[in-house]
Structure formats: C-alpha cells, structure tokens
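Structure first, then comments.
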Ligand code: SAH
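In the UniProt record's numbering, the protein residues as written are 1 to 467.
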C-alpha cells in the first residue's frame, strides 16, 4: 500500500491553499465543502476567490508564498502554475510536518487527493496513487453509476435509528440483520428517494416489528469456475452477509477474498495427503451452524446443482426444517467453453450438449451408444482418471477416432491451460492434465483456432507434437 486512505475531519481547521487560478479554485471548493478555515495565498485571484473573501468564507493573502504562512496549518495544497513555487511549498511543508499536496505532481505530495463519489455521509474515494489517474476516473464513473443518489439519505436514516436499534435488539447478530434488511430494502429506498416520509416511516416500523430469526439459514451459492468476476451479484451479496462460509477446494482464492472479513471460514475440501470431509459430515456442519442461528453460506465451485451434491446437502436441511435458498453459479462447462473459445453448440456442429460425469462407473452406467452419436457436444466432468475408458467406449460405440477433443485445465483462471487433440489420443492427453480439468468432445473444439480470445500466449498443443 503506497498511501493510507483516511478521511480527515477539517471543520474549522486552518488550511492553506497556494494559488489563485482555476485549478486552485476547484481545490478551494472541496476544502470549503469540508468546512476548512481556508487561507489562500497568490499574487492574483479569480473573481470567485474575491467573492468568497467578501462573503467571509476565506482569507486572502496576496503576494509571495512564505514559510510563515504554514504556521498553525493542518494541511496545505500547492496549486500554482509555477513548478518552483510548488516545490518550495512542498519543501517547507515537509519541514514543518504539515501534510502537503501538489496538484498534478504525486511525487511531491505527502497526501494525494482521490477521485470521490459524494453521497454524504457516504463517501467513496478512488485513487491509483498517481499511477493511472484516467483509470481511477473511469472507475469513479462506474461507481457513480451503481451508487444510487438516495444512498446518502439511507445512510442518514441509519444514523438517526442507531440508538433505537441498539435498544431494540440485544445482540449484535440481530442488529446486523436489521441493518442489512434496512439497507437492502428497495421499496424503502424508493420512498426516501421520493421524499415520502409517511410511507418510509411505516416501512421502518414494519422492519422493527419483525421477530428476530431464531434459527439461522443456509444459502447454497455457486462460486463459478475460478475467475472471481464470474460470481453473480447475488452470490457476492450472500458471501458478504454470511456469518459462516463452508467451502471446498474448487472455490478459487480470488472468490474467497470477497467473503466478509470477519466471517468464519470452514474448509471441507481435500488437503494434500488427507481425504475429503465425508459428505455426511458436511451436511451435519451445515445443519449445526444453522441451528446455532447463523447465516451460513455453502460456497461451491461452479453451479451447486451440477455435479455439486447441492441437492444432497439441502435434503438434510429440509428434513430439519432449516430455511435455505440457492444461488446458481456459472458451471465449469460454461466457463471453460467461453474462456477456451469453444462454443458448446453451433448450428454447423452440435445441436445439443451433454454434461456427463466421468465417475459414471461409480455413480451408475452411461449409455455409450447415445453418447457416441453425432451432432452433439460431450462435456465430461471429473473425467481425467477415466479418460482412456471414455476414449475406448466412444470409439467402440461408433464415434470417429478423429473427433476433436480438448482438455481445459483450471478453466477461467489465469492458470488456464487447454490441451487439444483427437479422441484417439484422449487417454494420453489426460496424463498431462492436472485437476480440475474438463474434457470437451466434439467437432465444436475445432472452432477454438478462430475463437480463442482469452490467452493468445497459450500455445495450443498441436497434433504434430503429440504424434
Ligand atoms: N459444481 C461444479 C462441478 C463439480 S465436479 C460445476 O458446476 O462446475 C468437479 C469437476 O468440475 C472437476 O473434476 C472438473 O472436471 C470440473 N471443474 C470444476 N472447475 C473447473 C475448472 N475451473 N476448470 C476445469 N474443470 C473444472
């Protein structure tokens, strides 16, 4: 971290601005908005500065900058168009331990001014540490778009209800749940935006009269295949509201960094040298945590209802009358398909797609003759160890040995690797791939040579190399 973001309380605090032009004017406006007691030093001033001075809002100091002007000041901004003056201000400020910002010169700055989104009392500050101001600005524009204007009103309302909420709810958990409901209450936000005070008050009373939940709940959330950007908005909201997150090895580290910091994390995957936590034990953990009144998120790689045993976990909860809900995720087939440039269907190649488990032997047999039929794409999950068998069965049941295949390893992550070849090579190719990998079989794989957009460095494994 190059800079520590802090929000300064500048009300009635003496600050100095050196410069009297338009740039300085913009800085003055910000300092005045923050309530600073502002002295402005320059040889000449724009009319706005004179107007502020006439209104008694600022003090003008006409003439050359001198270090004496820094006495008793909390911070200073140098915004003149003369580099040597700005440098002098910075040097003197440093000597006197006064925080100093030099406009457009991040190297000469003991503090920098971020881009801000003002929804007072909510303030969002964005900074690139002076390295990419345009990127910071673009981010700010995005945030401006997603943060509704009434956010400030909602935060004000929160402030006015704090004492009442403290009295009304004895424990921290139910207080937090009240706040989450209040701040996520779309209709209340709308009433505030419309200034409909009576309706807003009724909605708030309804929130207070709700009984606190005795037992917790479980939300089964699909984390997607790896790239954290593929998590749904709803999934993100859920992991940020969770008391406990139960996760396994398929959930990427990038997604885990989005979990609420003080949420408890329970890992139930396989660690090197150890076995997986048995499914029955995972079901019990979910049940016990919910019975403790916690909001539990069961975070699973991909989509929880596609080879995710999500159904089994929910059955246990349903039997115990624990409330639950499900947030779908992007399954590995969709993620790997998109990030490897292999459309799973295509009018010229495949009219249907089949998601198949490679553990079929264990989970029940597969109908190989329908799988070997043409005009479809097969996607095998958990297929690495069975690849040779898949190859043999498909060829025996009539699929051409030259059918293109791809193995997508660590799909959608920055470690994604795609190995391409023909069905006759599948068993051998699988020996080079690590888990998790997905096997795609079908002529759609040939489209990758045109449609691969994700990684141009990634050298597709050529047939020649394999021969
Ligand atoms: N519920 C998950 C699938 C769990 S089964 C989903 O919807 O994606 C586990 C299998 O999924 C792995 O053996 C592998 O075949 C596949 N898989 C999961 N994530 C993957 C990834 N990032 N890249 C390639 N395959 C993946």
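Beta carbons are placed, not taken as given, at the ideal position from N, Cα and C, and that holds for glycine.
From a predicted model like this one, the values you see are computed outputs, not experimental measurements.
Straight-line CA distance for residue i to residue j?
| i | j | result |
| --- | --- | --- |
| residue 418 | residue 254 | 21 Å |
| residue 458 | residue 409 | Per-residue confidence for residue 458 stands at a pLDDT of 48, beneath the threshold of 50, marking its modelled position as unreliable; no derived number is given. |
| residue 344 | residue 448 | 11 Å |
| residue 424 | residue 395 | 8 Å |
| residue 351 | residue 443 | 11 Å |
| residue 285 | residue 437 | 28 Å |
| residue 388 | residue 430 | 8 Å |
| residue 129 | residue 149 | 27 Å |
| residue 415 | residue 8 | 42 Å |
| residue 90 | residue 435 | 55 Å |
| residue 175 | residue 232 | 26 Å |
| residue 404 | residue 192 | 58 Å |
| residue 53 | residue 152 | 30 Å |
| residue 181 | residue 381 | 39 Å |
| residue 337 | residue 20 | 58 Å |
| residue 162 | residue 74 | 32 Å |
| residue 199 | residue 446 | 60 Å |
| residue 215 | residue 322 | 7 Å |
Is DSSP giving residue i helix, strand or coil here?
| i | result |
| --- | --- |
| residue 256 | helix |
| residue 404 | strand |
| residue 217 | strand |
| residue 124 | strand |
| residue 222 | strand |
| residue 300 | strand |
| residue 50 | helix |
| residue 247 | strand |
| residue 150 | coil |
| residue 195 | coil |
| residue 10 | coil |
| residue 333 | helix |
| residue 185 | coil |
| residue 43 | coil |
| residue 457 | With a pLDDT of 47 at residue 457, under the threshold of 50, the predicted position of this residue should be treated as unreliable, though the coordinate-derived value follows. Coil, per DSSP. |
| residue 397 | coil |
Beta carbon of residue i, beta carbon of residue j: below 9 Å?
| i | j | result |
| --- | --- | --- |
| residue 217 | residue 320 | no |
| residue 451 | residue 383 | no |
| residue 353 | residue 370 | no |
| residue 227 | residue 339 | yes |
| residue 297 | residue 239 | yes |
| residue 299 | residue 259 | yes |
| residue 93 | residue 70 | yes |
| residue 246 | residue 204 | no |
| residue 10 | residue 31 | yes |
| residue 125 | residue 116 | yes |
| residue 67 | residue 96 | yes |
| residue 188 | residue 154 | yes |
| residue 386 | residue 359 | yes |
| residue 355 | residue 333 | yes |
| residue 295 | residue 221 | no |
| residue 469 | residue 308 | The structure shown has nothing for residue 469, since the chain only spans 1 to 467. |
| residue 413 | residue 252 | yes |
| residue 169 | residue 207 | no |
| residue 105 | residue 83 | yes |
Is residue i near the ligand SAH, going by C-beta to nearest heavy atom under 8 Å?
| i | result |
| --- | --- |
| residue 106 | no |
| residue 410 | yes |
| residue 382 | yes |
| residue 438 | yes |
| residue 337 | no |
| residue 377 | no |
| residue 300 | yes |
| residue 232 | no |
| residue 388 | no |
| residue 235 | no |
| residue 435 | yes |
| residue 250 | yes |
| residue 133 | no |
| residue 308 | yes |
| residue 413 | yes |
| residue 225 | yes |
Give me, in chain order, the residues of the same chain whose beta-carbon lies closer than 6 Å to that of residue i; leave out the 5 immediate sequence neighbours on both sides.
| i | result |
| --- | --- |
| residue 467 | Because the pLDDT of residue 467 is 37, which lies under 50, any placement of that residue in the model is unreliable, and the number read from its coordinates should be weighed accordingly. Result list for residue 467: empty, nothing under 6 Å. |
| residue 393 | 368 |
| residue 397 | 368, 369, 372 |
| residue 72 | 14 |
| residue 402 | 422 |
| residue 469 | In this structure the chain extends from 1 to 467, so residue 469 is not present and cannot be described. |
Suppose the cutoff is 8 Å on Cβ atoms and the five residues either side in sequence are ignored; what does the same chain contact list for residue i look like?
| i | result |
| --- | --- |
| residue 268 | 246, 247, 248, 276, 277, 281, 282, 285 |
| residue 335 | 224, 225, 226, 227, 230, 302, 411, 412 |
At least one CB of chain D closer than 9 Å to the CB of residue i: is that the case?
| i | result |
| --- | --- |
| residue 264 | Chain labels in this structure do not include chain D; a single protein chain is all it has. |
Please return the same chain residues whose Cβ sits closer than 7 Å to the Cβ of residue i, not counting the five positions on each side in sequence.
| i | result |
| --- | --- |
| residue 87 | 108 |
| residue 136 | 115, 126, 127, 128 |
| residue 157 | 192 |
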